[in-house]
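In the numbering used here, the protein residues as written are 2 to 423.
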């Protein structure tokens with residue numbers, strides 16, 4: 002119960018931050034004035050970070066504490082994420098060393114990054130010590146939140162702040178890299194998706210706090226050429242665009258296979274999507290994505306974590322866009338696709354999830370243009386997909402006879418996107 006109270010307080014705090022961020026204007030400190038364009042970036046980034054932290058915390062809070070870690074031997078992991086988590090934070094320093102202009106001077110960067118790092122590291126460590134959730138691989142009790150994801154998204158936000166004014170590709174690339182680090186931690190069974198989403202939110206919010214306080218300390222001294230207030234009305238449907246999309250899928254139904262019950266927990270999805278206009282209001286899109294879904298087998302006293310079901314696939318979509326202001330579009334989308342499954346890592350390979358599954362989804366949301374070229378979006382939807390699970394006799398999981406089951410799964414989706422228009 003203590004763990005759930007801690008996580009709930011985090012969710013409420015981040016939700017409060019998100020509500021404050023959603024106001025028409027933000028506090029303007031006399032030492033750190035915001036231009037209109039930078040206010041928009043500050044607002045959308047802060048709200049996104051607060052939303053990610055809230056979603057991750059609530060997902061963990063609603064999950065049953067009584068979970069048995071995976072009984073499959075622990076993977077050594079690729080080790081890539083251990084080094085990659087720091088790359089986005091180092092990138093602006095490397096670019097500045099090679100003579101590329103950044104938002105801040107060396108001193109302001111150092112102060113802002115130091116403050117953000119201390120806030121991030123202190124927050125992550127204090128929550129880990131308080132919540133004490135077991136890792137999926139059973140190695141320790143430090144699963145929530147993901148420190149690797151916090152480091153990666155801290156760095157991605159830093160890169161966006163320092164170099165995003167030069168080109169939106171810096172922002173898109175940094176967050177794509179950070180999403181890859183988070184996905185790798187789930188694939189390596191070191192975290193559940195809710196852990197990495199919460200860690201990402203902490204990283205984003207810590208970076209924002211670091212820059213806000215850093216600007217106050219420095220008196221708001223920074224180059225004036227890095228921000229443009231020029232923004233166009235909703236361009237998503239009238240120009241080709243490429244997007245980074247990251248989201249969660251909340252599965253609604255358990256899967257009964259013989260006398261066993263399989264639970265697919267909250268899944269993490271990340272992918273790259275391209276859109277082309279077909280009219281002033283309509284666009285067609287194609288997305289390549291990877292998903293990771295934690296699979297549990299219900300036991301008598303606790304759910305047994307099997308492994309993540311990792312899959313890669315593609316979707317085709319049709320989207321409708323309706324501008325409601327100079328910066329905001331309301332959008333609706335219908336999409337369908339297919340995901341190829343990789344083999345589950347279960348004892349004796351006794352649990353199989355089939356070769357793949359078709360999906361169909363409808364969603365609605367909003368897009369917010371923060372510059373001529375870049376917009377941020379958020380959406381919620383409903384998805385159906387096929388499944389096929391086969392169980393073979395295995396005493397480890399108490400499976401007494403072979404059995405299989407196929408059917409339709411349902412899920413609620415929450416998605417955040419960053420788009421660049423051409």
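The beta-carbon is built from N, C-alpha and C at its ideal position, and this holds for glycine as well.
(message) Let's test the definition: count the other Cβ atoms within 10 Å of the Cβ of residue 121 and tell me whether it reaches 16, buried, or not, exposed.
(response) buried
(request) Within its chain, find whatever has a CB closer than 6 Å to the CB of residue 69; leave out the 5 residues flanking it on each side and keep chain order. (result) 303 and 305
(request) Pull up the distance between the alpha-carbon of residue 393 and that of residue 351, whole angstroms please. (result) 5 Å
(request) Output the distance between the C-alpha atoms of residue 225 and residue 102, rounded to the nearest integer angstrom. (result) With a pLDDT of only 46 at residue 225, under 50, the local geometry of the prediction cannot be trusted, and the value read off the model is given with reservation. Each residue's Cα considered, the two are about 12 Å apart.
(message) Alpha carbons only, please: which of 373, 369, 187 and 364 is nearest the one belonging to residue 380?
(response) 364
(request) Counting only the same chain and skipping the five closest in sequence on each side, list residues whose C-beta sits under 6 Å from that of residue 299. (result) 262
(request) Quickly, what does DSSP pair residue 292 with across the bridge? List them, please. (result) 270 and 312
(message) Taking 6 Å as the limit between beta carbons, can you name the residues of its chain near residue 389, skipping five residues before and five after?
(response) 355 and 407
(request) Just the C-alpha distance for residue 171 and residue 322, rounded to the nearest angstrom, thanks. (result) 26 Å
(message) Taking its Cβ as the centre, do 16 or more other Cβ atoms sit within 10 Å of residue 156, making it buried, or is it exposed?
(response) buried
(message) Output needed for residue 270: all residues of its chain with C-beta closer than 6 Å, excluding positions within five of it in sequence on either side, in chain order.
(response) 248, 290 and 292
(request) Note down, one range per segment and in chain order, each beta strand (DSSP E) of at least 3 residues found wholly within the segment 296 to 365. (result) 304 to 324 and 329 to 342
(message) Quick check for students: name the residue ranges of the alpha helix (DSSP H) that lie wholly in the segment 82 to 148, counting only runs of 4 or more.
(response) 88 to 98 and 107 to 132
(request) State the DSSP-derived secondary structure class of residue 374, mapped to helix, strand or coil. (result) coil
(message) Please state the DSSP three-state secondary structure of residue 63.
(response) coil
(request) Look at the alpha carbon of residue 145 and the alpha carbon of residue 252, and state the distance between them as a whole number of angstroms. (result) 20 Å
(request) Look up residue 390 in the DSSP assignment and say whether it is helix, strand or coil. (result) strand
(request) Decide if residue 430 is buried, meaning its Cβ has at least 16 other Cβ atoms within 10 Å, or exposed. (result) There is no way to answer for residue 430, as the model of the chain reaches only from 2 to 423.
(message) Whole angstroms are fine: how far does the CA of residue 151 sit from the CA of residue 313?
(response) 24 Å
(request) Could you name the residues of the same chain whose beta carbon sits closer than 8 Å to that of residue 357, not counting the 5 residues immediately before and after it, in chain order? (result) 312, 314, 339, 340, 341 and 342
(request) Report all residues from its chain with a CB closer than 6 Å to the CB of residue 26; omit the five preceding and five following residues, and keep chain order. (result) With a pLDDT of 31 at residue 26, under the threshold of 50, the modelled position of this residue cannot be trusted, and the question is left open.
(message) Check whether the segment 202 to 216 and the segment 275 to 286 touch, using three or more Cβ-Cβ pairs below 8 Å as the test.
(response) no
(message) Between residue 88 and residue 202, how many whole angstroms is the CB-CB distance? I'm expecting something under 8 Å.
(response) Actually they are not in contact, since the Cβ atoms of residue 88 and residue 202 sit about 20 Å apart, beyond 8 Å.
(request) Measure the beta-carbon distance from residue 192 to residue 137 and round it to whole angstroms, keeping in mind my assumption that it falls under 8 Å. (result) 7 Å
(request) Out of 328, 57, 320 and 310, point me to the one whose CA is closest to residue 189's CA. (result) 310
(message) To the nearest angstrom, how far is the alpha carbon of residue 258 from that of residue 329?
(response) 46 Å
(message) I need the DSSP call for residue 47, collapsed to helix, strand or coil.
(response) helix
(request) Answer with buried or exposed for residue 124, where buried requires no fewer than 16 other C-beta atoms within 10 angstroms of its C-beta. (result) buried
(message) Could you compute how far the alpha carbon of residue 255 sits from the alpha carbon of residue 274?
(response) 30 Å
(message) Here's the rule: buried if 16 or more other CB atoms are within 10 angstroms of the residue's CB, otherwise exposed. What is residue 307?
(response) buried
(message) Just to confirm, is the Cβ distance from residue 183 to residue 147 under 8 Å?
(response) yes
(message) Out of 391, 413, 91 and 320, which one is the CA nearest neighbour of residue 404?
(response) 391
(request) Please report how far the alpha carbon of residue 110 lies from the alpha carbon of residue 264, in whole angstroms. (result) 46 Å
(message) Excluding the 5 residues flanking residue 422 on each side, which residues of the same chain have their C-beta closer than 6 Å to its C-beta?
(response) 236, 240, 242 and 374
(message) Could you tell me the alpha carbon to alpha carbon distance between residue 246 and residue 347, rounded to whole angstroms?
(response) 30 Å
(request) Tell whether a beta-carbon distance below 8 Å holds between residue 366 and residue 332. (result) yes
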